[in-house]
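Take 8 as the starting number for the sequence shown in my numbering and just add one per residue. By construction, the Cβ of each residue, glycine as well, lies at the ideal position given by its N, Cα and C atoms. Below you'll find the structure, written out as structure tokens, and then a few comments.
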Amino acid sequence: MAPRLQLEKAAWRWAETVRPEEVSQEHIETAYRIWLEPCIRGVCRRNCKGNPNCLVGIGEHIWLGEIDENSFHNIDDPNCERRKKNSFVGLTNLGATCYVNTFLQVWFLNLELRQALYLCPSTCNEYVMGDGIHEEKDYEPKTICEHLQYLFALLQNSNRRYIDPSGFVKALGLDTGQQQDAQEFSKLFMSLLEDTLSKQKNPDVRNIVQQQFCGEYAYVTVCNQCGRESKLLSKFYELELNIQGHKQLTDCISEFLKEEKLEGDNRYFCENCQSKQNATRKIRLLSLPCTLNLQLMRFVFDRQTGHKKKLNTYIGFSEILDMEPYVEHKGGSYVYELSAVLIHRGVSAYSGHYIAHVKDPQSGEWYKFNDEDIEKMEGKKLQLGIEEDLAEPSKSQTRKPKCGKGTHCSRNAYMLVYRLQTQEKPNTTVQVPAFLQELVDRDNSKFEEWCIEMAEMRKQSVDKGKAKHEEVKELYQRLPAGAEPYEFVSLEWLQKWLDESTPTKPIDNHACLCAHDKLHPDKISIMKRISEYAADIFYSRYGGGPRLTVKALCKECVVERCRVLRLKNQLNEDYKTVNNLLKAAVKGTDGFWVGKSSLRSWRQLALEQLDEQDGDTDHSNGKMNGSTLNKDESKEDRKEEEEELNFNEDILCPHGELCISENERRLVSKEAWSKLRQYFPKAPEFPSYKECCSQCKILEREGEENEALHKMIANEQKTSLPNLFQDKNRPCLSNWPEDTDVLYIVSQFFVEEWRKFVRKPARCSPVSSVGNSALLCPHGGLMFTFASMTKEDSKLIALIWPSEWQMMQKLFVVDHVIKITRIEAEDVNPSEAQYISEPKLCPECREGLLCQQQRDLREYTQATIYVHKVVDNKKVMKDSAPELNVSSSETEEDKEEAKPDGEKDPDFNQSNGGTKRQKISHQNYIAYQKQVIRRSMRHRKVRGEKALLVSANQTLKELKIQIMHAFSVAPFDQNLSIDGKILSDDCATLGTLGVIPESVILLKADEPIADYAAMDDVMQVCMPEEGFKGTGLLGH
């Protein structure tokens, strides 16, 4: 089938030879493409939108032929959520709670702990009454023990594939979105559980934590002089083993028990010798628990970064661990077998994922617990290979060592759990108490109800799909109209009818109607012609309208389109004719004025006008036709108001007459104008003898006179005040001139504005007022002291000689006179002279201004400060690591752009009369003064200095992170000071520490480093760690 544009042209080709009044029914049907050949399935691959008879590729392929029932719904089989036979139940990850889930599974498979928890009394008995459970409310455990009871009962007998531990996590107050230290969680929760169970009366419950997890060792110190032993007994629930520098678990245990020498400053005070003596100290294992938890210290504190990092080194361990060589009292049974391996995937201590490999004590099978997913290992063997392959590769990473039978190697294992090997088989009769089983049964009933509901929904979807399938197979064959009566339906509706994912809505044809409430011929590309039989069924089943039968073919629209197309064809010829006429010179006074912009775009305007008449919004207008636009029209800076002008309106002045600028218009011949007039009959007409606008001529003349006047005023003022203009021979308060006792003061802003006007009088308006109110407070008092005007405020004022002041009073309007008078007493040293200002200083407003300035200095964002690195209290020019978040060496003055000439300042507002009036506004003055102060106090960055962008609410800790990037010095080794004051509070903000814009901070580094690889973890944690602060694990 021909492309859409070809079909469009073919449908209207007859209009080239047929006049509008000669349009017949045959022409109308051709325009609506009634008799185009329909497409055949298999030949046409996609739907032809230009052919209303093409009914291929509208979504019918999914319904023709046999269809799988599962395609009729998007509901998963509820049985997929059902627990598999002889499998365990998973736990939902609530965001970042995988570390909690792993320990819950390990503790659940400790049968002794589970049995003891089931024996713990529960308030659930109050919830369960004689006739069963309250139906109107759900059970809510109140204590940690009750939460564990309920979780363990569900893990044991639930029918669900996984359960939700949110009640348990919420009871502990854990943040579900923040990953925590798994080892710290294990310690804190065991301590909390032991404390909770210590209140129980049943000794089997009260002592279960000690019996299962608690061992004892002694710190033994032996004096080398007298041989006296000193023992300090201590209980432990896990052994924390250092893995740095080791490859085998046994090496880690040996180092843990290694003898330490106490010598030199670390000597031991022997009570027997009553003096400090050399000694040895070591740990002796006195007793070991049934469940031995070995914490592999993979997450260690990095002194260089001040944060934790993970050690991704391989550690080998065996499934059988003989602890007899390590205990003090021999002869007992100390052979342990591996029961669980807890894994941390990932290379960083602040990200990754936790899973657990746990051995079922009843069957001896190994399982991998990964939140909701439980995987059984083959052959009752522990398999860690895939977990080790998930870690990110590193060039420095060593290869995985080979492991023998019964041994394993891991670089992600952070905890190993060993169980004491016994000849007795584990107790397999851990029964769920009746009150808990009743709760589990109720939850299972809810799950079964949900499964039935989901299955019913699937069945309903399948039934609907089958019915729709039959409907489509029946109607699709009857959709083609052929020569029988037909109607039009939108392609979009047919596609939605064939779309199984959305319900079919009533037919809505309103968007396809023309102004005559018939089918618009331009919408035929999105319509399809179907048989009247199919249309009757559609409207009876789905409703809607209006129905578009053969009577909906709009003759008025076809006739109008024919007229427009003929005009467009004629336009191309007229365009060439006009271009040729424009080349000829205009003779006599027969010409007409036409705007140059209108001449460049007249064909585009004509096309747009024709399209508007036709109501055509879907077809190309003048802007889409590349041949109609000249290069001159593609200027990006063309004003919007120009684009909106009609033809020849671009030479209209604001008064509706001919504009005075001849550069914007040109004369065209009478013949050319008559051609243009055919397309733009309402365009303004200006014969060549038409005079320009008289009002515009007057305004132009006045503008020229004003420009000449401004130049004269500027020249006069420059001649009268040459030194002030050239900034020569200026008085200074700090070095008072001897030849005068009075100096006058004006605003420096006034002087700068006046100089702008004198330099460019044609572009700038005259400055007629001195505007000294900017230097005064609302009470009329001066805002500066004499001392401040000699120092920091000197950039805000300009000193005027008395002779200059007399001239300025003649040239400008003086709103307030401000002067400084020197008073010298007789026989007094000139250096002790007094200086009096008129008007006098306003102390209250001066103090308020200073306070505002200090506040502004402490409330800033993205300001620049400078950091100097010092060694031996000397600044060094050292280039270190590339800067991040650092400003360039460009000063703020370079970044500030000068105001355009004539731009109004908030303190100097130009009135209609051309004068500038001062706003008496204290706040405006403060804003104005802040700009000048910032410019006057700007720090110049020197070589070797680092410029950082900071904000007042940023903490010192965050600043240290930036400095770490700039100088390769870890935060832990940074010693910062400003103006001799040490900056040490990492939580304090820069504003409270007195760090203001342009400050210079001195950095002294203890141990500078340049290893960015060691800083990866630091960049992931900019805020201080809080761990389990505020959670139930710490009693909150």
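Reduced DSSP secondary structure (H/G/I, E/B, other) of residue i
{"i": "residue 150", "result": "coil"}
{"i": "residue 1019", "result": "Any reading at residue 1019 must be qualified, since the residue scores a pLDDT of 37, below 50, and its modelled position is unreliable; the value itself is stated next. In this structure, residue 1019 counts as helix in the three-state DSSP scheme."}
{"i": "residue 222", "result": "strand"}
{"i": "residue 693", "result": "coil"}
{"i": "residue 48", "result": "strand"}
{"i": "residue 870", "result": "strand"}
{"i": "residue 97", "result": "strand"}
{"i": "residue 741", "result": "coil"}
{"i": "residue 429", "result": "coil"}
{"i": "residue 22", "result": "helix"}
{"i": "residue 323", "result": "strand"}
Per-residue burial, residue i [other beta carbons within 10 Å of its own, 16 or more giving buried]
{"i": "residue 509", "result": "exposed"}
{"i": "residue 50", "result": "exposed"}
{"i": "residue 492", "result": "exposed"}
{"i": "residue 638", "result": "For residue 638, the predicted model reports a pLDDT of 37, less than 50, meaning its position is unreliable; a value from the coordinates is still stated below. That one is exposed."}
{"i": "residue 200", "result": "buried"}
{"i": "residue 24", "result": "exposed"}
{"i": "residue 1006", "result": "buried"}
{"i": "residue 14", "result": "buried"}
{"i": "residue 465", "result": "buried"}
{"i": "residue 373", "result": "buried"}
{"i": "residue 472", "result": "buried"}
{"i": "residue 751", "result": "buried"}
{"i": "residue 590", "result": "exposed"}
{"i": "residue 868", "result": "exposed"}
Close beta carbons around residue i, own chain, < 7 Å, minus the five adjacent residues each side
{"i": "residue 284", "result": "230, 231, 232, 274, 275, 277"}
{"i": "residue 732", "result": "725, 762, 765"}
{"i": "residue 37", "result": "18, 21"}
{"i": "residue 316", "result": "307, 309, 356, 1024"}
{"i": "residue 224", "result": "241, 243, 290, 291, 292, 293"}
{"i": "residue 158", "result": "111, 172, 175"}
{"i": "residue 454", "result": "166, 167"}
{"i": "residue 659", "result": "666, 691"}
{"i": "residue 121", "result": "115, 159, 437"}
{"i": "residue 999", "result": "none"}
{"i": "residue 695", "result": "596, 598, 599, 600, 674"}
Beta-carbon gap between residue i and residue j smaller than 7 Å
{"i": "residue 422", "j": "residue 255", "result": "no"}
{"i": "residue 368", "j": "residue 125", "result": "no"}
{"i": "residue 311", "j": "residue 959", "result": "no"}
{"i": "residue 691", "j": "residue 655", "result": "yes"}
{"i": "residue 65", "j": "residue 54", "result": "yes"}
{"i": "residue 357", "j": "residue 418", "result": "no"}
{"i": "residue 738", "j": "residue 806", "result": "yes"}
{"i": "residue 528", "j": "residue 569", "result": "no"}
{"i": "residue 119", "j": "residue 190", "result": "no"}
{"i": "residue 985", "j": "residue 1008", "result": "yes"}
{"i": "residue 160", "j": "residue 391", "result": "no"}
{"i": "residue 325", "j": "residue 413", "result": "yes"}
{"i": "residue 723", "j": "residue 769", "result": "no"}
{"i": "residue 1012", "j": "residue 980", "result": "yes"}
{"i": "residue 840", "j": "residue 829", "result": "yes"}
{"i": "residue 755", "j": "residue 827", "result": "no"}
Cβ neighbours of residue i in the same chain (closer than 6 Å, five flanking residues each side left out)
{"i": "residue 760", "result": "774"}
{"i": "residue 328", "result": "343, 425"}
{"i": "residue 844", "result": "789, 827"}
Contacts around residue i, its chain only, beta-carbon distance under 8 Å, and the 5 residues preceding and following it disregarded
{"i": "residue 533", "result": "56, 497, 498, 499, 519"}
{"i": "residue 140", "result": "Model confidence at residue 140 stands at a pLDDT of 48, short of 50, so the residue's coordinates are unreliable; what they give is reported in the following sentence. Here the set comprises 134, 146, 445, 446, 449."}
{"i": "residue 593", "result": "674, 675, 676, 695"}
Subject >> the segment 602-609 touching the segment 662-673, judged by at least three CB pairs closer than 8 Å >> reply: Flag = yes, the segment 602-609 and the segment 662-673 touch.
Original post:
Using 8 Å as the Cβ pair cut-off and three pairs as the minimum, do the segment 482-493 and the segment 96-106 touch?
Top reply: Too few Cβ pairs lie closer than 8 Å, so no.
Original post:
Just checking, does the segment 495-515 make contact with the segment 84-95 on the three C-beta pairs under 8 Å criterion?
Top reply: Between the segment 495-515 and the segment 84-95, the count of Cβ pairs shorter than 8 Å is below three; the stretches do not touch.
Original post:
Taking contact to mean at least 3 C-beta pairs separated by less than 8 Å, is the segment 704-712 in contact with the segment 677-686?
Top reply: Taking a cut-off of 8 Å on C-beta distances, the segment 704-712 does not touch the segment 677-686, as fewer than three cross pairs fall below it.
Original post:
At a cut of 8 Å, does the segment 455-464 reach the segment 378-386 through at least three beta carbon pairs?
Top reply: No: fewer than three Cβ pairs fall under 8 Å.
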